[in-house]
Amino acid sequence: MGGGLTITHLAGQERIDQASFCYARADAYEVAAFLDASFVEQSSRQQQRDYETALRRAYDEAPANARISVFVTTRNVHGSLMEPAFTMCRPPATPEEQESIGAPFDTPQRLALRADAAANQYNELAAGVLRDARDSNLSAQNSPILASLQGISRSTFFDSPNRILWAITDGLENSPTARFGAVAGDAPPFEIFAQQDRYDDVRPRSLRGADVRLLLVETATLPQPGLEHITSAELRQW
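Note that my numbering has the sequence shown beginning at 1, numbered continuously upward.
Structure representation (structure tokens):
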């Protein structure tokens, strides 16, 4: 996991945390990128590129000094508290971005070098997450999408007033809550599902004001054997 959000001062000068690339700001953006990893091992090369691209976009499109936390359903990190696989910031890359967050002046050259180092670190960490997702010893046996999103909504890594959530998933909930496609009636229209008691168990904390970006990675045309009770159109609508 990335370093803490501490800062140091040298001769009264605020300094960025070298491990996390973060300046401490109460109003800094927090970006949560959730990867539903239970299906990644069997995915195609194109789908693998989709996952890589989505994780990269979560970083590249983050505002300056946003803290990006990557959550995944692999067995080595998933838990009820939804701790991220790693967390770090996208540091300001230009003097304009540095000024926009109220950080002290730094030279364009130093900012560019730091931005490159941070991007390389993020790419290495994201590649590790995807390697784990493809590991049969680590990939999740179930796909608790709804419970995971609930956990992220309650996480201390996603409690800023400025929030962006990326959800990268095949959309097929497969957990004690519901088994979309595998069990008849388990994937009614969301308007109906939201009125059922089981939704109360996985209802997220309010995401009002958050920028939510859902990327549906379709692994097959539905219905299919084992997933006879849902169509691709129904899944997209859900």
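Note that the Cβ used here is the ideal one computed from N, Cα and C, for glycine as well.
Predicted, not measured: the structure shown is a model, and the values here were computed from it.
First and last residue of the uninterrupted beta strand (DSSP E) at residue i
{"i": "Ala167", "result": "163-169"}
{"i": "Thr33", "result": "Contrary to the premise, residue 33 reads as Ala rather than Thr in this sequence. Element bounds for Ala33: 30-35."}
Residues near residue i by beta carbon distance below 7 Å, same chain, minus five either side
{"i": "Ile101", "result": "Tyr23, Arg25, Ala64, Asn65, Pro92"}
{"i": "Phe193", "result": "Tyr199"}
{"i": "Phe190", "result": "Trp238"}
{"i": "Ala54", "result": "Trp166, Ile168, Leu215"}
Range of the contiguous alpha helix (DSSP H) that encloses residue i
{"i": "Glu239", "result": "No statement about residue 239 is possible, as the shown extent of the chain runs from 1 to 238 and does not include it."}
{"i": "Gln237", "result": "232-237"}
{"i": "Tyr199", "result": "197-202"}
{"i": "Glu228", "result": "That residue, Glu228, is in no alpha helix (DSSP H); it is neither H nor E in DSSP."}
{"i": "Phe193", "result": "190-193"}
Same chain, Cβ closer than 6 Å to residue i, neighbours up to 5 away in sequence not counted
{"i": "Gly171", "result": "Leu216, Leu235"}
{"i": "Asp211", "result": "Ile164"}
{"i": "Asp197", "result": "none"}
{"i": "Arg205", "result": "Ser153, Arg154"}
{"i": "His78", "result": "Low confidence applies here, because His78 scores a pLDDT of 45, under 50, leaving its location unreliable; read the following figure in that light. None."}
{"i": "Ile145", "result": "Asp36, Thr169, Glu173"}
{"i": "Phe21", "result": "Met88, Cys89, Pro91, Ala118"}
Counterpart residues of residue i in DSSP-defined beta bridges
{"i": "Val212", "result": "Leu165"}
{"i": "Asn174", "result": "Ser143, Arg179"}
{"i": "Leu125", "result": "In DSSP, Leu125 forms no bridge with anything."}
{"i": "Gln224", "result": "Leu227"}
Own chain, CB closer than 8 Å to residue i, minus 5 neighbours either side, in chain order
{"i": "Pro161", "result": "Asp27, Gly209"}
{"i": "Gly226", "result": "Gly181, Ala182"}
{"i": "Ala103", "result": "Glu14, Ile16, Tyr23, Asn65, Pro92"}
{"i": "Pro108", "result": "Thr94, Pro95"}
{"i": "Ala187", "result": "Glu173, Ala178, Phe180, Gly181, Phe193, His229, Ile230, Glu234, Leu235, Trp238"}
Contact test: residue i Cβ vs the ligand COA heavy atom, cutoff 7 Å
{"i": "Ala220", "result": "This structure lacks the ligand COA; in fact it carries no ligand of any kind."}
Stretch pair the stretch 86-96 + the stretch 15-25: three plus CB contacts closer than 8 Å: Taking a cut-off of 8 Å on C-beta distances, the stretch 86-96 touches the stretch 15-25, as three or more cross pairs fall below it.
Whole beta strand (DSSP E) elements within the stretch 57-119, 3-residue minimum: 67-72, 86-89
Contact between the stretch 44-51 and the stretch 110-123 (3+ Cβ pairs under 8 Å): Contact annotation: the stretch 44-51 does not touch the stretch 110-123, with fewer than three C-beta pairs closer than 8 Å.
At least three beta-carbon pairs within less than 8 Å, the stretch 176-185 to the stretch 119-130: no
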